[in-house]
Amino acid sequence: MTTPEILLIYTGGTIGMIKDYETNALRAFDFNHLYEKIPELNQLNCNIEAVSFEEPIDSSNMNTKYWVDIVEIIERNYAQKDGFVVLTGSDTMSYTSSAISFMIENLAKPVIFTGSQLPIGDLRTDAKENLITAVQIAASRNEKTKEPHIKEVGLYFEYKLYRANRTTKINAEQFEAFTSPNYPPLAESGVHLKFNDDLIYHQLNGSELKIRKKLEENIVILKLFPGITKNVVASILSIPTIKGVILEAYGSGNAPTEKWFINLLKDALQRGIYIVDVTQCAGGSVILGHYETSVQLAEIGLISGKDITTESAVAKLMYLLGENIPKEDFKSIFEGALRGEMS
Numbered sequence: 094m095t096t097p098e099i100l101l102i103y104t105g106g107t108i109g110m111i112k113d114y115e116t117n118a119l120r121a122f123d124f125n126h127l128y129e130k131i132p133e134l135n136q137l138n139c140n141i142e143a144v145s146f147e148e149p150i151d152s153s154n155m156n157t158k159y160w161v162d163i164v165e166i167i168e169r170n171y172a173q174k175d176g177f178v179v180l181t182g183s184d185t186m187s188y189t190s191s192a193i194s195f196m197i198e199n200l201a202k203p204v205i206f207t208g209s210q211l212p213i214g215d216l217r218t219d220a221k222e223n224l225i226t227a228v229q230i231a232a233s234r235n236e237k238t239k240e241p242h243i244k245e246v247g248l249y250f251e252y253k254l255y256r257a258n259r260t261t262k263i264n265a266e267q268f269e270a271f272t273s274p275n276y277p278p279l280a281e282s283g284v285h286l287k288f289n290d291d292l293i294y295h296q297l298n299g300s301e302l303k304i305r306k307k308l309e310e311n312i313v314i315l316k317l318f319p320g321i322t323k324n325v326v327a328s329i330l331s332i333p334t335i336k337g338v339i340l341e342a343y344g345s346g347n348a349p350t351e352k353w354f355i356n357l358l359k360d361a362l363q364r365g366i367y368i369v370d371v372t373q374c375a376g377g378s379v380i381l382g383h384y385e386t387s388v389q390l391a392e393i394g395l396i397s398g399k400d401i402t403t404e405s406a407v408a409k410l411m412y413l414l415g416e417n418i419p420k421e422d423f424k425s426i427f428e429g430a431l432r433g434e435m436s
């Protein structure tokens with residue numbers, strides 16, 4: 094078996110920063126000197142090439158243009174590389190990695206996202222472990238099949254590999270920054286790197302790789318709260334360019350039953366706006382019609398987000414709207430799992 098070739102893609106973020114101890118300022122790390130800074134990588138059975146955005150960006154500035162840049166780098170190098178590790182800022186990593194999972198169809202190689210809470214040069218940094226193990230995962234092969242262990246988009250952080258489109262960031266200060274509330278880890282790193290093979294997503298073998306680059310940005314997240322007013326909801330739903338709404342509802346998809354609220358949603362639906370009902374809860378699923386407070390939402394035709402995360406719902410809605418799916422098919426397609434993003 095040949096030595097795996099891994100491409101490291103740095104877009105920006107904390108993991109790529111290093112402290113200048115003379116000035117105490119942070120500067121961008123030169124990934125051409127990766128093996129010098131992290132000599133432990135020499136122990137991995139793989140070859141690593143690094144490529145960086147011409148101008149690394151903070152994760153707060155991440156947008157759909159940069160998502161396209163990432164998939165284009167993967168597309169250009171897909172035939173030559175055996176796996177990919179994408180380094181990006183943790184604040185929007187769940188959004189970005191979820192989007193990439195939808196933008197790449199029939200993926201047969203690992204694409205592993207990681208980052209860190211502290212810069213790579215800090216004394217107590219989590220960057221080294223996250224980076225080393227992410228590369229190890231990307232290079233890992235099943236001993237029996239000799240195929241990659243992972244053939245999907247994953248997110249590795251603090252000893253756990255998650256399905257990327259199942260993740261959400263839960264902590265801005267702890268090293269354990271991410272969780273996957275409705276799906277177990279795909280792998281766990283301890284004394285040994287253990288893969289949970291039964292949980293790993295498998296695309297159809299032999300299917301041609303397809304890259305999707307058309308994303309619809311004109312969507313909005315509408316989060317419900319006690320006391321939300323008719324004027325606020327009406328203003329959001331009347332945005333002229335809006336194509337889709339992620340409705341962050343209560344519990345299992347519940348919302349106010351007041352006539353003005355239901356009528357505003359119904360009017361938006363009649364104008365061709367797609368509305369996806371997701372839960373505000375950290376875990377659990379939308380079950381439209383389970384309680385009286387969601388019966389009308391089901392009746393008027395809201396899309397059930399089931400147990401999808403808000404981040405993944407945003408990415409999936411952008412992706413499907415960009416595909417120009419017939420209106421009569423949109424709801425059923427969204428409510429089905431495309432990349433393992435929902436149960």
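Under this note's numbering, the residues of the sequence shown are numbered 94 to 436, in order.
The C-beta atom is built at its ideal place from N, Cα and C for all residues, glycine as well.
Being a predicted model, the structure only gives us computed values, none of them experimental.
Inter-residue spacing [alpha-carbon to alpha-carbon] between residue i and residue j
i	j	result
Gln210	Leu414	34 Å
Asn356	Ile166	45 Å
Ala227	Cys374	29 Å
Asp249	Pro419	According to the sequence as given, residue 249 is Tyr; it is not Asp. Roughly 36 Å separates the two Cα atoms.
Leu137	Thr185	29 Å
Ile321	Ser328	12 Å
Ile181	Ile108	As written in the sequence, residue 181 is Thr, which differs from the Ile given in the question. Approximately 7 Å, taken between the alpha carbons.
Thr238	Leu381	42 Å
Tyr128	Lys221	11 Å
Glu392	Asn264	37 Å
Glu240	Asn170	18 Å
Leu119	Gln267	20 Å
Ile304	Tyr114	43 Å
Leu229	Lys287	Note that residue 229 is Gln in the sequence shown, not Leu. Computed Cα separation, rounded: 12 Å.
Gln173	Lys202	11 Å
Lys112	Val161	30 Å
Ser233	Gly283	15 Å
Lys262	Pro212	18 Å
Thr198	Ser300	Per the sequence presented here, residue 198 reads as Glu, with Thr not at that position. Looking at the two C-alpha atoms, the distance is approximately 9 Å.
Gly394	Tyr343	18 Å
Glu148	Val179	15 Å
Ser436	Asp291	15 Å
Leu216	His383	51 Å
Cβ-Cβ distance between residue i and residue j below 8 Å
i	j	result
Asp175	Ile243	no
Leu317	Glu351	no
Leu302	Tyr367	no
Met155	Tyr412	no
Ala103	Ser153	Here residue 103 turns out to be Tyr, not Ala, going by the sequence shown. Taking 8 Å as the Cβ cut-off, Tyr103 and Ser153 do not qualify as a contacting pair.
Cys139	Thr96	yes
Ala143	Phe177	no
Ile293	Glu251	no
Ile225	Ile131	yes
Val371	Phe427	no
Ile141	Leu200	no
Val326	Phe354	yes
Ala192	Ala408	yes
Selected residue, minimal CA-CA separation from residue i, among the options
i	options	result
His295	Ser145, Leu431, Asp113	Leu431
Asn223	Leu134, Met196, Val144	Leu134
Gly105	Gly208, Lys323, Val338	Gly208
Gly429	Lys420, Gly398, Leu101	Gly398
Val388	Ile141, Ala348, Phe427, Val369	Ala348
Tyr255	Pro278, Glu266, Arg364	Pro278
Asn117	Lys262, Ala406, Gly214	Gly214
Leu315	Ile335, Ala172, His126	Ile335
Glu309	Gly337, Gly247, Glu148	Gly337
Thr189	Glu168, Asp291, His383, Val164	Val164
Ile332	His383, Gly365, Phe423	Gly365
Glu421	His383, Gln363, Asp151	Gln363
Gly247	Ser273, Thr218, Pro319	Ser273
Distance between beta carbons of residue j and residue i, contact taken as under 8 Å
i	j	result
Gly376	Asn289	Not really, about 19 Å apart at Cβ, beyond 8 Å.
Ala257	Ser183	Their Cβ separation, rounded to whole angstroms, is 13 Å, which puts Ala257 and Ser183 out of contact at 8 Å.
Glu416	Lys307	7 Å
Ser378	Ser425	Going by Cβ atoms, the distance from Ser378 to Ser425 rounds to 18 Å, so no, they are not a contact pair.
Ser187	Thr260	5 Å
Glu434	Ile396	No, Glu434 and Ile396 are not in contact; Cβ-Cβ is about 14 Å, not under 8 Å.
Phe124	Met110	With 8 Å as the limit, Phe124 and Met110 do not qualify as a contact, their Cβ atoms being about 12 Å apart.
Thr403	Ile339	6 Å
Ala361	Leu390	The Cβ separation is near 12 Å, so there is no contact.
Glu281	Lys323	About 48 Å separates the two Cβ atoms, so there is no contact after all.
Residue i beta carbon near the ligand COA (any heavy atom closer than 7 Å)
i	result
Ala121	Looking for the ligand COA in the displayed structure turns up nothing, as the structure carries no ligands at all.
At 3 residues or longer, what runs of the beta strand (DSSP E) sit wholly inside the segment 355 to 409? 367 to 372
Secondary structure, alpha helix (DSSP H): runs of 4+ residues fully inside the segment 107 to 147: 127 to 130
Every unbroken beta strand (DSSP E) inside the segment 215 to 278 [3 residues or more]: 246 to 250, 253 to 256
Completely contained beta strand (DSSP E) runs for the segment 184 to 219, where each covers 3 or more residues: 204 to 207
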